[in-house]
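Numbering (the numbering used here), first residue to last: 879 to 1366. Using N, Cα and C, we set each Cβ at its ideal position, and we do this for glycine too. Since this is a predicted model, take the numbers as computed values, not measurements. All remarks here apply to the structure that follows.
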Ligand SMILES: Cc1cc2nc3c(=O)[nH]c(=O)nc-3n(C[C@H](O)[C@H](O)[C@H](O)COP(=O)(O)OP(=O)(O)OC[C@H]3O[C@@H](n4cnc5c(N)ncnc54)[C@H](O)[C@@H]3O)c2cc1C
């Protein structure tokens, strides 16, 4: 299959998706090419979900310049795209005189980055606001504008809205070759046999952005993975903290944090360890020990027995350590590479930055009169009604669709209605359904609901059981034809 576009975005994590949504405002043919079976399967699925206040990155870096503008955009984005976002605030806490001096440094950095309402607060106020912190705390840097989101729901909503506004998404399409034709347009070949012709390429391929750049002869940066191990805790400790709690940072990372998630449970982590292998998603005993040392020092009520699962995210760290954004020596090839933390926060600001690069490159961006910024989530979140004892709305949802009364994931209270809606939105792998609905993320980690979710995927899509996968080809759950027995 061969198709022609004005712009091809390679990679559909939060950065590619935010760029696609931004470009969908204009009369442009835009393609998004993603190697995985669903979007947000790279670093964008395995992060802490924090919309940072913005005092960590130095002001002379792109990270420092784009974090606050990105943060500011999330109220409107969440309203337009219907994903949950809560401005909970964040603390960087100090336990020693030396750490109090570090807070001062970050306070000044935050002021330079124009973080709103930033303040240094004393021990009493810290403990009044977060009574479960270690009482030895001496003070904190407080950024009330920091928030939490569900990162994959944010990514899904961006690409949903982009597609509704005319962007074309190619999944399971790993870019394997890029050349130029006689009209100076890029020809992009994918492993599944697509050929995409495009005047511009935006390289948003995360960990593999250096490989993509090398296809057009650019070898001026490398991406190395920096591993982050995170631990998700049982709902028992959901209310231990309201805000994101940071320690004073280390040289390579913000340190291990205690993170309330927008869905309720608390996470702790991430570590920051440079590794060689871009596929190394293993957790380790040392990582666990390090994370809990930090977490328990800040919030002593946290226990390792509260862990319900762990995961690893790989930060795409570029040579030089900053984001790499902008045009290159190869005409029409634009990088949005090396987007490590705070990439989730900065993503909407990165999208505007890249739009401006296109304008500088001479692209005439004409607004689409029928651009619709609104996207409605396709399903009702029954858990919220249950948590809030909102039985009127619960009854209404069930009256409209009785599938909302059939519980599938008992740990997280996820119903068949939500799972069917996720499948109808295009999430047809177990991970896709899990990220869209939370089915399988609770205490039993899918022990009870996995087979039921597989049955529903099979029923709704006709995908044979043996082809139903965790996250696309090669990860089939039961890769042999299932024999119908006689019950003996
Ligand atoms: C542990 C951890 C915690 C973090 N916490 C936070 C946080 O709390 N707040 C914050 O602001 N940031 C955080 N970050 C950073 C944030 O997650 C990243 O900056 C962001 O997700 C990067 O998005 P991306 O779209 O550039 O990359 P990705 O999400 O990795 O997307 C790149 C995409 O490109 C695709 N791709 C690669 N090669 C090809 C190819 N050949 N063909 C087609 N597609 C290809 C991949 O499959 C992938 O989907 C964290 C990161 C980690 C790892």
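Counting pairs of Cβ atoms below 8 Å between the region 925 to 936 and the region 1000 to 1015, do you hit three or more? no
Please go through the same chain and pick out, in chain order, the residues whose beta-carbon is closer than 6 Å to the beta-carbon of residue 1035, but skip the five residues on each side of it. Sequence index remark: in the chain shown, residue 1035 carries index 157 (1-based). Around residue 1035: 959, 961 and 1253.
Starting from residue 1337 and walking both ways along the alpha helix (DSSP H), at which residues does that stretch end? The residue labelled residue 1337 in the question sits at position 459 within the chain shown. Residues 1328 to 1339.
Give me the Cα-Cα distance between residue 1094 and residue 1321, rounded to the nearest whole angstrom. Taking the first residue of the chain shown as position 1, residue 1094 is located at position 216. Taking the first residue of the chain shown as position 1, residue 1321 is located at position 443. Straight-line Cα distance between these residues: approximately 47 Å.
Segment limits, beta strand (DSSP E) that includes residue 1102: Residue mapping note: residue 1102 aligns to position 224 of the chain shown, counting from 1. Segment 1101 to 1111, the beta strand (DSSP E) holding residue 1102.
Under 8 Å, with one C-beta from each stretch per pair, do the region 1335 to 1343 and the region 945 to 955 reach the 3-pair mark? no
Inter-residue spacing [alpha-carbon to alpha-carbon] between residue 1055 and residue 1064: To locate residue 1055, count along the chain shown from 1; it is residue 177. To locate residue 1064, count along the chain shown from 1; it is residue 186. Using only the alpha carbons, I get a separation of about 10 Å.
Run the proximity test for residue 964: is its beta-carbon closer than 7 Å to any non-hydrogen atom belonging to ligand 1? Numbered from 1 along the chain shown, position 86 holds the residue referred to as residue 964. Not under cutoff, so the answer is no.
Return the CA-CA distance between residue 1366 and residue 1301, expressed in angstroms with no decimal places. Here residue 1366 corresponds to residue number 488 of the chain shown, with the count starting at 1. Here residue 1301 corresponds to residue number 423 of the chain shown, with the count starting at 1. Because the pLDDT at residue 1366 is just 49, under 50, the model does not fix this residue reliably, and the point stays unresolved.
Measuring alpha carbon to alpha carbon, tell me which residue in 1051, 1285, 1230 and 1245 is nearest residue 1044. Taking the chain shown and counting its residues from 1, one reaches residue 1044 at position 166. Shortest Cα-Cα distance from residue 1044 to any of 1051, 1285, 1230 and 1245 involves 1245.
Keeping to the same chain, check which residues put their C-beta closer than 7 Å to that of residue 836; ignore five residues upstream and five downstream. What the structure shows of the chain is the stretch from 879 to 1366, and residue 836 is not part of that stretch, so it cannot be assessed.
Assuming residue 1028 and residue 922 form a contact by the criterion Cβ under 8 Å, report the distance between their Cβ atoms to the nearest whole angstrom. On the chain shown, residue 1028 is found 150 positions in, with the first residue counted as 1. On the chain shown, residue 922 is found 44 positions in, with the first residue counted as 1. About 11 Å; that fails the 8 Å criterion.
The alpha helix (DSSP H) with residue 1278 in it runs from where to where? Translated into the one-based positions of the chain shown, residue 1278 becomes position 400. Where residue 1278 is concerned, the enclosing alpha helix (DSSP H) stretches over 1269 to 1278.
Starting from residue 1227 and walking both ways along the alpha helix (DSSP H), at which residues does that stretch end? On the chain shown, position 349 is the one that residue 1227 refers to. Element bounds for residue 1227: 1221 to 1238.
Output the boundary residues of the beta strand (DSSP E) element that contains residue 884. Here residue 884 is taken as the residue at index 6 of the chain shown, counted from 1. It spans 880 to 888 - the beta strand (DSSP E) in which residue 884 sits, taken as one unbroken run.
Distance, residue 1286 Cα to residue 1330 Cα: Residue mapping note: residue 1330 aligns to position 452 of the chain shown, counting from 1. Residue mapping note: residue 1286 aligns to position 408 of the chain shown, counting from 1. For residue 1330 and residue 1286, the distance between alpha carbons rounds to 7 Å.
Regarding residue 1053 and ligand 1, is the C-beta to nearest heavy atom distance less than 7 Å? On the chain shown, position 175 is the one that residue 1053 refers to. Correct: residue 1053 has its Cβ closer than 7 Å to ligand 1.
In chain order, what residues of the same chain have a beta carbon less than 7 Å from the beta carbon of residue 1184, not counting five sequence neighbours either side? Here the question's residue 1184 lines up with position 306 in the chain shown. Excluding residues within five positions, the ones whose Cβ falls inside 7 Å are 1111, 1112, 1114 and 1115.
Should residue 1218 be counted as a contact of ligand 1 given a C-beta to heavy atom distance under 7 Å? Counting from 1 along the chain shown, the entry for residue 1218 is found at position 340. Yes - ligand 1 has a heavy atom lying nearer than 7 Å to the Cβ of residue 1218.
Indicate, with yes or no, if ligand 1 has a heavy atom lying under 7 Å from the CB of residue 1044. The residue labelled residue 1044 in the question sits at position 166 within the chain shown. No.
Could you tell me which whole alpha helix (DSSP H) segments of length 4 or greater appear in the region 1010 to 1079? 1029 to 1042
Looking at the structure shown, is residue 1366 part of a helix, part of a strand, or coil, going by DSSP? Taking the chain shown and counting its residues from 1, one reaches residue 1366 at position 488. Residue placement at residue 1366 cannot be trusted, given a pLDDT of 49 that sits under 50; the coordinates are not used to answer.
Taking 6 Å as the limit between beta carbons, can you name the residues of its chain near residue 1153, skipping five residues before and five after? The count along the chain shown starts at 1 and reaches residue 1153 at position 275. Closer than 6 Å at Cβ, skipping near neighbours: 1103 and 1105.
Residue 904 versus residue 1040: straight-line alpha-carbon distance, rounded: In the chain shown, residue 904 corresponds to position 26, counting from 1. In the chain shown, residue 1040 corresponds to position 162, counting from 1. Cα-Cα distance, rounded: 11 Å.
Reduced DSSP secondary structure (H/G/I, E/B, other) of residue 925: Locating residue 925 in the chain shown gives position 47, counting from the first residue. If DSSP states are grouped into helix, strand and coil, residue 925 belongs with coil.
Heavy atom of ligand 1 within 7 Å of residue 1193 beta-carbon: The count along the chain shown starts at 1 and reaches residue 1193 at position 315. Yes.
At a cut-off of 7 Å, would you count residue 1072 as near ligand 1, judging by its Cβ distance to the nearest heavy atom? Within the chain shown, the letter at position 194 stands for residue 1072. Not so, every heavy atom of ligand 1 lies at least 7 Å from the Cβ.
Straight-line Cα distance separating residue 1305 from residue 916: By 1-based counting over the chain shown, the position of residue 916 is 38. By 1-based counting over the chain shown, the position of residue 1305 is 427. So the alpha carbons of these two residues sit roughly 7 Å apart.
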